[in-house]
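Everything below concerns the one structure shown next.
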Amino acid sequence: MGRLIVVSNRVATPTETKGSAGGLAVGVFGALKDTGGVWFGWSGDVVSETVANAGPTLEQDGPVTFATVGLTRKDYDQYYRGFSNATLWPVFHYRNDLARYERDEYAGYRRVNAWLAHKLMKLIDPDDIVWVHDYHLIPFAEALRSEGVTNRIGFFLHIPFPSPQVLQTIPPHEELVKSLCCYDLLGFQTRNDQQAFHDYIVRSARGAVGEEGEHGDVEAFGRRLRTGVYRIGVFPDEIAEQAKRYESRQHVLDLKQSLEGRKLIMSVDRLDYSKGLVERFKAFEQLLERSPEWRGNVTLVQIAPPTRSDVATYRNIREELEGEAGRINGRYSGLDYTPIRYLSQQYDRWKLMSLFRESQVGFVTPLHDGMNLVAKEYVAAQNPSDPGVLVLSVFAGAAAELSGALLVNPHDALGMCEALQRALSMPLAERQARYETNMEALRRNDLGVWRDSFLHDLRSVPHPGQMSQPQR
Ligand code: ADQ
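In this text, residue positions in the sequence shown follow our numbering: the first is 194, and each later residue adds one.
Put into structure tokens, the structure is as follows:
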């Protein structure tokens, strides 16, 4: 079997791949270890042109090579901060109102993809397969193909794929989809995302789509490729074990003591406008407003460390959220009670899992989310004999699998408030039944299943790099 080459915007450090409770880095590294291979991408450093061109830097860990390059300031601004995070991310999350389009940034995005592909090319052997991750790298296969690479190349999109009309708001939308068609296999988080891609092909690119179960073959722009749905998961039993192991650590005891018997609602996100944080705070406010019996008796802990803080929209969401937390706390706090504890710092994974286990409700309400692993981690971390309830947005990819959750529309504050009321007073038997349903789904489709089924399908693509018959 050929080696695996993984390409992602950021490369995990060898230490990040050694965590015990999963995470994408651990999942992907598992596959790399089996066949040997290379993990290639940006180091996270902004460097001078001389240093950037001298890369990649290679670090060996057993059969796996970590190969990283630095980006120049201009590349970082145009490729990462610009087109990836100020155009693609908002539009793919249906926030066209927050998106901007600059030709220079798009040119920089393609230039960096071509440059990265050129750097990687020298590390690829003829029978390697290449697995590219996420929206930063849409034109990567096209760039490899133009360097003469004919290996099997697959792409997994971690975020939603928008409906054609939304995608069309990005001026070079057709070029982007054409670039996607240079892959041999395209993986999506949900059937809706796959369907949205097919809709674009059929309506806008006048291509053809052949259905084969969850896997659909597509012919467009002179190429034939396969598409599939691969729902990313977690390793639930390892998370459960970790959450239990850390349940009596000091941070959990401190939290318990400070709650003084109040119920706990937990939310954990990257600080991002797609995660529905402001809407969530408003729903919690409704709970305090409409159900006086909960005032002083329930606390919402929101952990949301800032990300991408050099993109203006991210600074705005932070200010807005801080304002909302302050307003609601001003209204409902007492001398010994703060309804919302908003913590904008990063927490270790094992700490988060043990905090999840301590809470009665997991409140996960993104406006749009590819999957949302926090929802899955929340379920896995629960104590089976006294599990908390997951309140989950229907717009998270995870909603398609977690039928034991209370599903809510994050635009409906009152609906979310009612779900919180129901979750906070749900009898034990119902909580346990819902937990079991969710755990079964998590075990059936864990991180290993996601990884192995994608790689199996990529290895079985009939004719890699094949052109279809010329279109009439
Ligand atoms: P994210 O948008 O980062 O990922 P999510 O899946 O919820 O969203 O989280 C990924 C990981 O980050 C989880 O393991 C979680 O525990 C961790 N994390 C989140 N917030 C954290 C915090 N405050 N502190 C510490 N750790 C935190 C993108 C897509 C998702 C998709 C994933 C994986 O946007 O939809 O599920 O990729 O494909």
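For every residue, glycine included, the Cβ atom is placed at its ideal position computed from N, Cα and C.
The model shown is predicted, which means the values in this text are computed figures rather than measured ones.
Inset, instruction - Could you have a look at V445 and say whether DSSP puts it in helix, strand or coil? - result: helix
Inset, instruction - Flag this pair as yes or no: are the beta carbons of F200 and F233 separated by less than 8 Å? - result: The sequence as given places Val at residue 200; Phe does not occur at that position. Closer than 8 Å, so yes.
Legend entry - 8 Å Cβ cutoff met for G216 and R424: no
Inset, instruction - Can you tell me the Cβ-Cβ gap for S460 and Q435, rounded? I've got them flagged as a contact below 8 Å. - result: Contact flag wrong, Cβ pair sits at about 20 Å.
Legend entry - Cα-Cα separation, K315 to C375: 20 Å
Inset, instruction - Please confirm whether V323 and N306 have their CB atoms less than 8 Å apart. - result: no
Inset, instruction - Could you tell me which of Q358, R524, G516 and R416 sits nearest to R489, measuring between CA atoms? - result: Residue identity differs from the one stated: residue 489 is Gly in this sequence, not Arg. Nearest C-alpha to G489: R524.
Legend entry - Opening and closing residue of the alpha helix (DSSP H) in which V567 lies: L566 to A573
Legend entry - Collapsed DSSP secondary structure at T261 in the structure displayed: strand
Inset, instruction - Just list the beta strand (DSSP E) runs in the region 473-499, keeping only unbroken ones of 3 residues or longer that don't cross its boundaries, in chain order. - result: 491-496
Inset, instruction - Let me know the secondary structure DSSP gives A307 once reduced to three states. - result: helix
Legend entry - Proximity test, H351 beta-carbon vs the ligand ADP heavy atom, cut-off 7 Å: Among the ligands in the structure shown, the ligand ADP does not appear; only the ligand ADQ can be found there.
Legend entry - L545 (DSSP reduced to helix, strand or coil): helix
Inset, instruction - Using only alpha-carbon positions, find the residue among T531, P498 and P256 that is nearest to F477. - result: T531
Legend entry - Same chain, Cβ closer than 7 Å to L457, five either side skipped, listed in chain order: T492, V494, E551, S552 and Q553
Legend entry - Beta-carbon proximity of T558 to G597, cut-off 8 Å: no
Inset, instruction - Output the distance between the C-alpha atoms of F259 and G229, rounded to the nearest integer angstrom. - result: 11 Å
Inset, instruction - Report the option in R419, S618 and T280 whose CA atom is closest to the CA atom of Q361. - result: T280
Inset, instruction - Have a look at R455, E513 and V504 and flag the residue whose alpha-carbon is nearest the alpha-carbon of F474. - result: E513
Legend entry - As assigned by DSSP and simplified to three states, the class of Q253: strand
Legend entry - Beta-carbon separation (whole angstroms), R624 vs L599, contact threshold 8 Å: No, R624 and L599 are not in contact; Cβ-Cβ is about 11 Å, not under 8 Å.
Legend entry - Presumed contact (8 Å Cβ cut-off) between E340 and H311, rounded CB distance: 6 Å
Legend entry - R624 - DSSP class collapsed to helix/strand/coil: helix
Inset, instruction - Inspect the CB distances between the region 283-291 and the region 345-354 and report whether three or more fall short of 8 Å. - result: yes
Legend entry - Pairwise C-alpha distance: D645 and D686: One cannot answer for residue 686 here, as it falls past the ends of the chain, which runs 194 to 665.
Legend entry - In chain order, each beta strand (DSSP E) run of at least 3 residues that lies wholly inside the region 271-349: 322-326 and 345-349
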